[in-house]
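Quick notes on the structure that follows.
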Amino acid sequence: MDREWRSWIVGVVCTLAAGSGLATGTAVAGDAAIARDDGGAPAGHGLQTAIGQENPAAYVRELDRLLFADLVAGTPEAERPEAPPWNLKLLQRSLDPASVMLVFHPDGEVVWAAAISHDQVVPRKLNAPHTNALGPRLQAWAHGPPGRPLDRHAASAIHQNLFFPFEAETAAKRHVIVAASGVLRDLPFEILLMTPATEEHSVTEMPFLVRRFEFAYEPTVASRLGWSSRPGGLRRIRRHSVDDPDSRVVAAGTLIAVAHEGPSGSGMEALGWLREGAGACLLGGDEGGLDVFLKRFYRERAGGRRSIVRAVHRTRLGLLGDGLPPEIWARPMLYGAE
């Protein structure tokens with residue numbers, strides 16, 4: 002694969018962080034005002050400046066700049082791809098009333114966040130002092146061998162500190178799109194627990210967030226603009242190796258399943274392919290999990306479900322209902338959606 006596309010290689014580091022406390026954020030529409038924050042912004046960040054200027058577009062744009070910078074970190078500057086085009090209003094128009102995009106950027110003991118929907122932007126600064134402690138624990142689960150028990154405490158704490166603060170913004174939504182950076186990138190939010198679960202709870206009894214929402218992921222906020230510019234709808238599904246140099250051209254509506262082993266061989270490498278196929282989707286995961294997942298996915302597709310997101314969601318629920326552990330139905334992650 003050529004060097005330009007290799008600049009998109011990012012490890013699927015399925016970790017997240019949690020903490021406590023929430024700085025007040027106020028919903029805004031279009032270019033309306035956003036709430037001021039009592040805390041100071043970390044040095045070098047324009048996020049607090051955007052809040053002070055009551056400019057939600059500038060806030061989200063700066064947030065996305067940080068996501069993109071994290072995505073290409075470690076890649077020589079001359080080899081980095083250009084950042085995706087930016088247009089907040091166009092992004093909002095790409096979200097239907099049942100969808101919301103949640104954005105997270107960890108920064109020391111805080112997480113800068115936002116909820117974006119078709120009619121408002123809600124910025125928040127979350128206190129998350131335990132990011133560095135909980136992140137590696139979920140990372141170990143995500144990339145560990147099958148059968149490793151999920152850290153239920155971490156899954157519950159993360160929900161409480163990063164997802165619950167947006168309860169009002171997600172209450173009437175069905176489809177959640179996540180874009181995050183650092184140790185928050187590529188966490189399968191499906192496994193977050195809405196309430197604490199004990200060892201006595203079986204997999205089929207645990208209150209996973211997947212029971213409430215359909216999830217899809219984006220590496221950055223603006224990447225959605227490229228992938229949502231054409232109608233979705235599955236036309237074909239293909240299996241690829243991350244080393245396949247002849248598989249970069251894909252059509253809109255294509256679902257690409259990419260098997261990988263650990264963070265160094267991540268399915269995120271295929272994100273470069275999707276840049277040439279607006280409206281395409283990537284399902285990345287480990288070989289064994291994808292084999293089980295895709296077998297059930299084909300049955301869902303045969304049932305006439307036109308939405309890739311809906312079919313993937315139904316597949317997760319079906320595997321969960323079969324009592325299969327979360328590494329089977331949560332590790333395959335859907336990037337890019339209709």
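Quick note: the sequence shown, position 219, residue 220 per this note's numbering, numbers continuous.
All C-beta atoms, glycine included, are put in the ideal place defined by N, C-alpha and C.
Source: prediction; values computed, not measured.
Under the three-state DSSP convention, the category residue i falls into
i, result
"residue 180", "strand"
"residue 344", "There is no way to answer for residue 344, as the model of the chain reaches only from 2 to 339."
"residue 169", "helix"
"residue 288", "helix"
"residue 174", "coil"
"residue 65", "helix"
"residue 124", "strand"
"residue 211", "helix"
"residue 223", "coil"
"residue 101", "strand"
"residue 187", "coil"
"residue 204", "helix"
"residue 397", "Residue 397 is absent from the structure shown; the chain starts at 2 and stops at 339."
"residue 74", "coil"
"residue 217", "strand"
"residue 113", "strand"
"residue 106", "strand"
"residue 260", "strand"
"residue 91", "helix"
"residue 139", "helix"
"residue 48", "helix"
"residue 96", "coil"
"residue 335", "strand"
"residue 193", "coil"
Neighbourhood of residue i by C-beta, 6 Å cutoff - its chain only, sequence neighbours within 5 removed
i, result
"residue 325", "none"
"residue 314", "215"
"residue 181", "105"
"residue 293", "329"
"residue 153", "198"
Assigned exposure category for residue i - 16 Cβ within 10 Å defines buried
i, result
"residue 140", "buried"
"residue 120", "exposed"
"residue 299", "exposed"
"residue 149", "exposed"
"residue 288", "exposed"
"residue 169", "exposed"
"residue 307", "exposed"
"residue 165", "exposed"
"residue 337", "buried"
"residue 335", "buried"
"residue 1", "Since the first and last residues shown for the chain are 2 and 339, residue 1 lies out of range."
"residue 160", "buried"
"residue 79", "exposed"
Proximal residues to residue i (C-beta, below 8 Å), its chain only, five neighbours per side dropped
i, result
"residue 174", "99, 100, 101, 118, 214"
Cutoff 7 Å; reference residue i; Cβ partners in own chain excluding five residues on either side
i, result
"residue 48", "42, 60, 63, 64, 113"
"residue 319", "297"
C-alpha gap between residue i and residue j, whole angstroms
i, j, result
"residue 126", "residue 303", "44 Å"
"residue 219", "residue 84", "14 Å"
"residue 90", "residue 66", "17 Å"
"residue 128", "residue 224", "27 Å"
"residue 199", "residue 327", "15 Å"
"residue 76", "residue 285", "21 Å"
"residue 192", "residue 309", "20 Å"
"residue 259", "residue 50", "40 Å"
"residue 157", "residue 195", "6 Å"
"residue 71", "residue 109", "14 Å"
"residue 211", "residue 176", "10 Å"
"residue 291", "residue 333", "6 Å"
"residue 185", "residue 282", "21 Å"
"residue 205", "residue 317", "12 Å"
"residue 115", "residue 122", "7 Å"
"residue 331", "residue 145", "13 Å"
"residue 226", "residue 257", "19 Å"
Heavy atom of the ligand MN within 7 Å of residue i beta-carbon
i, result
"residue 135", "Of ligands this structure carries none, so the ligand MN is not represented either."
Proximity test, Cβ basis, 8 Å: residue i and chain D
i, result
"residue 111", "Among the chains in the structure shown there is no chain D, since it carries only a single protein chain."
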